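Since the structure comes first, as structure tokens, the remarks are kept for the end.
There are 2 protein chains.
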Amino acid sequence: MGSRSRLTLGDLAASLGVSKTTVSNAFSRPDQLSADLRARILEAAYAAGYAGPDPVARMLRTRRAGALGLILPESLPFSLDEPTVTELLRGIADACDERRLGLLIVPGGRDAPDTRSISDVAVDGLIAYSLPHGAAALDAAIRRGVPLVVIDQPRLPGVTTVSVDDRGGAREAARHLVGLGHRRIAIVGLPFHPDGYTGPATEARIDEARFDVAAARLAGYRDALAEAGMDPDDAPVFECAHSDEDLGLEAGRHLLGRPDRPTAVLAMSDRLAIGVAAAAREARIDVPRDLSVVGFNDTEAAARARPALTTVRQPLRLKGYAAARLILDAPAESEGAATSAPGASVSGAEAGSSASEAVGPAGSGAGGPRAAADEFDLPVELVVRRSTAAPRRS
Amino acid sequence: MGSRSRLTLGDLAASLGVSKTTVSNAFSRPDQLSADLRARILEAAYAAGYAGPDPVARMLRTRRAGALGLILPESLPFSLDEPTVTELLRGIADACDERRLGLLIVPGGRDAPDTRSISDVAVDGLIAYSLPHGAAALDAAIRRGVPLVVIDQPRLPGVTTVSVDDRGGAREAARHLVGLGHRRIAIVGLPFHPDGYTGPATEARIDEARFDVAAARLAGYRDALAEAGMDPDDAPVFECAHSDEDLGLEAGRHLLGRPDRPTAVLAMSDRLAIGVAAAAREARIDVPRDLSVVGFNDTEAAARARPALTTVRQPLRLKGYAAARLILDAPAESEGAATSAPGASVSGAEAGSSASEAVGPAGSGAGGPRAAADEFDLPVELVVRRSTAAPRRS
DNA sequence: ATGGGCTTCTGAACCGGTCAAGTAGTACGA
DNA sequence: TCGTACTACTTGACCGGTTCAGAAGCCCAT
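Protein chains in written order, with numbering that gives the first Met the number 0: chain A, 0 to 393; chain B, 0 to 393.
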């Protein structure tokens with residue numbers, strides 16, 4: 000009784016007649032004191048209702064927070080609908096669980112100017128996912144000083160980046176259609192800008208795209224169209240503010256209503272593709288006989304769709320895992336016994352050794368012992384299912 | 000140059016010839032210094048690459064972590080499959096976003112003896128979801144000293160609890176079947192114990208159930224059976240280790256293969272119910288003509304199922320929101336202008352006022368100004384769809 | 001006896017901020 | 001001319017641990 004303030008390690012030490020250090024050791028370094036005394040201390044602590052050293056005080060001294068921070072492009076309630084995000088989360092959580100680290104989802108509007116939440120959070124590292132180019136949050140994350148890995152964002156000098164070969168995957172997807180004989184191909188895009196716009200994408204919006212994924216995939220599509228001798232700019236692009244079935248439906252209605260109806264649609268996500276297929280069904284256009292549809296990501300829904308969706312598979316979970324591992328392996332870690340990752344091993348992403356992995360545009364430094372390579376592109380793979388076929392003779 | 004250590008607020012102050020306090024104020028209390036000086040400080044900070052006060056040091060002094068901790072019954076990769084968890088997460092995130100708080104997912108096996116992760120995490124409050132009775136994690140959470148709210152767990156004296164009326168909902172579900180004329184009713188249960196067991200539930204497992212939800216729902220089912228003059232113990236109970244379609248399928252196969260095939264199944268979750276329906280389809284048993292199936296939770300899948308699932312709706316998102324609000328409103332907060340919650344308002348869960356809401360078994364204290372009531376039961380509602388019908392005359 | 005090596009425990013500095021109280025300096029009203 | 005009030009800034013304690021460099025005691029070989 001008496002003092003109303005919480006019990007501290009010091010109080011406990013005093014009441015036991017030992018030093019703070021010893022009590023501290025009882026909790027954190029059992030080998031530094033006799034088993035006897037330790038038992039006595041723990042017992043007294045328990046009896047007094049002392050739950051152990053204050054985590055924040057400990058963090059301050061040890062400089063470790065025991066958690067990774069994750070910055071998402073949308074608020075969590077929204078993001079949980081997005082299979083790409085949940086898969087990514089699983090991958091990150093895999094890595095966190097291995098190390099018994101917490102996963103802290105950083106609050107706040109992502110393209111908002113207020114970045115307090117990012118500088119105010121106690122984490123050992125930050126992962127930023129699919130932030131728009133130039134986002135204030137990204138700046139704050141960089142300045143924050145903790146190890147940072149960005150996923151699906153434009154390369155920034157000095158910032159470790161994890162992505163997949165979006166452009167290559169998109170190119171494969173488009174080549175697939177071109178190879179089947181399609182010449183009237185429309186594109187349904189992920190957002191180029193974080194402004195909520197849905198509608199035909201103007202060339203200006205595309206040129207100044209702030210979302211890397213949309214830009215890269217579009218570039219890949221156009222690569223293939225150009226290869227085939229077509230004018231890439233002829234393919235109409237319908238931009239959707241989010242990746243969801245409803246907007247895909249809207250895009251599909253728009254594109255299928257055009258006079259020179261496309262014979263194939265390249266959608267930048269499975270959800271959009273599924274929406275497009277729904278629009279086709281609505282208009283009694285058969286997929287794939289009268290319309291081929293290609294998605295992206297190869298989420299579960301793609302295989303379940305009817306017809307099953309041709310799409311581009313990307314290793315989403317691995318992407319999350321790799322990002323987390325890159326942060327966790329970044330600082331010290333003498334690379335000793337490789338007992339860390341049971342099972343999975345980030346393909347080509349094991350830090351160190353092959354700095355040849357770095358393909359950064361602006362050659363990132365003089366190749367010296369720069370801790371880790373700073374760009375990792377995971378492979379993608381075209382998965383051909385039943386939603387694509389040769390166009391009918393017209 | 001020189002010192003290799005990170006720049007601190009003190010360094011900055013020294014280099015500017017002002018006091019630490021003033022620099023601190025420049026960041027955290029703009030009104031405490033002249034705009035001029037503030038601008039100069041911020042500029043110098045920016046130039047020096049100082050990202051703002053160290054969050055951990057700040058936390059130590061202010062005793063606020065800016066984050067809520069969430070303890071889940073399973074690891075995150077697993078939990079993300081579970082619609083009940085994601086809905087709950089949304090609700091919690093809603094509340095966190097309102098207050099710009101982070102959401103920290105606490106790592107570690109939930110029924111594991113190692114609770115370090117819980118005492119080592121920097122949070123302003125903890126939410127524990129559906130932990131088994133007697134879990135070490137729960138103990139640790141209680142001892143931790145921060146505000147704690149448990150969801151879907153047995154009432155514990157002094158611990159704020161948020162649940163829904165599981166028993167009442169289950170009772171309604173069973174009454175519905177009884178009312179339709181069913182007499183041979185089987186039950187497919189959520190786990191009673193965290194031991195991974197799947198199979199017929201022995202009476203011993205049920206009596207010592209460690210998961211409150213399963214126990215409460217079973218009790219509700221049995222209430223209704225008893226009301227109808229049936230022996231509640233006659234209804235076979237098949238326990239599933241997790242709530243998923245595959246185990247529901249397994250349960251269905253088991254129950255439908257019995258000599259005295261049930262005419263109806265009460266499943267403790269929609270996913271289990273959907274699995275049971277799949278088993279029926281497999282055995283060419285028509286739902287609802289030859290078998291009625293009732294789920295629980297009313298997740299999205301229930302409405303989408305074919306036939307659409309009769310189920311018990313519970314406000315999952317609200318449950319999460321309410322839990323978070325109870326934590327956030329727990330300590331100070333002078334209840335001034337109610338500008339806090341835009342839109343939503345926890346029905347019956349606004350702290351303060353009606354302490355009559357408290358129905359705790361062990362009268363929680365002498366009714367004095369005990370900050371908040373400590374039990375909140377949200378309502379549930381039976382939703383009748385197409386998966387239930389009267390049994391055929393046999 | 002002497003001294004090295006161990007185990008066990010202590011004292012004071014430190015982690016990087018925030019807070020309450022206090023000191024100047026200036027303005028205002030009587 | 002003084003008291004009051006307010007603004008702009010400073011001082012020193014404090015948040016609750018951990019860490020590093022010893023000190024004290026003990027065992028054992030030399």
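For glycine and all other residues, C-beta sits at the position ideal for the given N, C-alpha and C.
A quick note: this is a predicted structure, and the numbers were derived from the prediction, not measured.
By the CB criterion at 7 Å, residue 117 (chain B) and residue 136 (chain B) fall inside the cutoff.
Non-local C-beta neighbours of residue 223 (chain B) in its own chain, meaning closer than 7 Å and more than five positions away in sequence, comprise 170, 173, 174 and 177, ordered along the chain. Using a Cβ-Cβ cut-off of 7 Å, residue 106 (chain A) is close to 95, 96, 99, 100 and 101 of chain B, given in chain order. Put simply, the CB of residue 267 (chain B) is far from chain A, with every gap to its CB atoms at 7 Å or more.
By the beta-carbon neighbour count (other beta carbons within 10 angstroms, threshold 16), residue 242 (chain B) is buried.
Counting of Cβ neighbours within 10 angstroms places residue 152 (chain B) among the buried residues, the total reaching 16 or more. DSSP, reduced to helix, strand and coil, places residue 287 (chain B) outside both helices and strands of the structure shown, so it counts as coil. Taking a 10 Å sphere around the C-beta of residue 166 (chain A), we find 16 or more other C-beta atoms and assign the residue as buried.
Interface flag for residue 50 (chain A) against chain B is set, since a Cβ pair is found closer than 7 Å. Distance check between residue 101 (chain A) and each of B:326, B:188, B:74 and B:79 places B:74 closest, using alpha-carbon atoms only. Against chain B, the beta carbon of residue 148 (chain A) has no neighbour under 8 Å; the closest one sits roughly 17 Å away. Nearest CB-CB separation between residue 229 (chain A) and chain B: not below the 7 Å threshold.
Against chain A, a Cβ distance below 7 Å from residue 76 (chain B) picks out 89, 92 and 93. Assignment of alpha helix (DSSP H) within the region 67–153 of chain A, counting only whole runs of 4 or more residues, yields 75–78, 82–97, 115–118 and 135–142 in chain order. Residue-level contact by beta carbon fails for residue 274 (chain A) and chain B, as no gap is shorter than 7 Å. By the beta-carbon neighbour count (other beta carbons within 10 angstroms, threshold 16), residue 31 (chain A) is exposed. The region 289–299 of chain B and the region 261–274 of chain B touch, with no fewer than 3 CB-CB distances between them shorter than 8 Å. Distances from the CA of residue 267 (chain B) to each of B:41, B:301, B:281 and B:16 were compared; the closest alpha carbon is that of B:301.
Taking a 10 Å sphere around the C-beta of residue 38 (chain A), we find fewer than 16 other C-beta atoms and assign the residue as exposed. In this structure, residue 122 (chain A) sits near residue 64 (chain A), with a CB-CB distance shorter than 7 Å. Going by DSSP, residue 329 (chain A) is part of no alpha helix (DSSP H) at all; its letter is neither H nor E. In the displayed model, residue 26 (chain B) falls within a helix according to three-state DSSP. Chain A places no beta carbon closer than 7 Å to that of residue 83 (chain B), leaving this residue out of the contacts. Here residue 278 (chain A) is near residue 255 (chain A), since their CB atoms are less than 7 Å apart. Any Cβ of chain B closer than 7 Å to the Cβ of residue 190 (chain A) would place that residue at the interface, and such an atom is absent. Taking 7 Å as the cut-off, the beta carbon of residue 131 (chain A) is found closer than this to the beta carbon of residue 210 (chain A). Of all residues in the region 195–219 of chain A, none is placed with a Cβ closer than 8 Å to any Cβ belonging to chain B. Residues of the region 118–131 of chain B with a C-beta atom less than 7 Å from some C-beta of chain A are 118, 119, 120 and 121, listed in chain order. With a threshold of 16 other beta carbon atoms within 10 Å, residue 45 (chain B) falls short and is exposed. Scanning the region 191–249 of chain A for uninterrupted beta strand (DSSP E) segments of 3 residues or longer gives 236–238, listed from N- to C-terminal end.
Below 8 Å, too few C-beta pairs join the region 313–321 of chain A and the region 105–114 of chain A to call them touching: fewer than three. In this chain, the alpha helix (DSSP H) harbouring residue 37 (chain A) covers 34–47.
For residue 301 (chain A), no CB of chain B lies under 7 Å from its own CB, so it is not counted at the interface with that chain.
For residue 65 (chain A), at least one C-beta of chain B is nearer than 7 Å to its own C-beta. Proximity of residue 169 (chain A) to chain B, defined by a Cβ-Cβ separation below 7 Å, is not satisfied. According to DSSP, residue 309 (chain B) shares a beta bridge with B:293.
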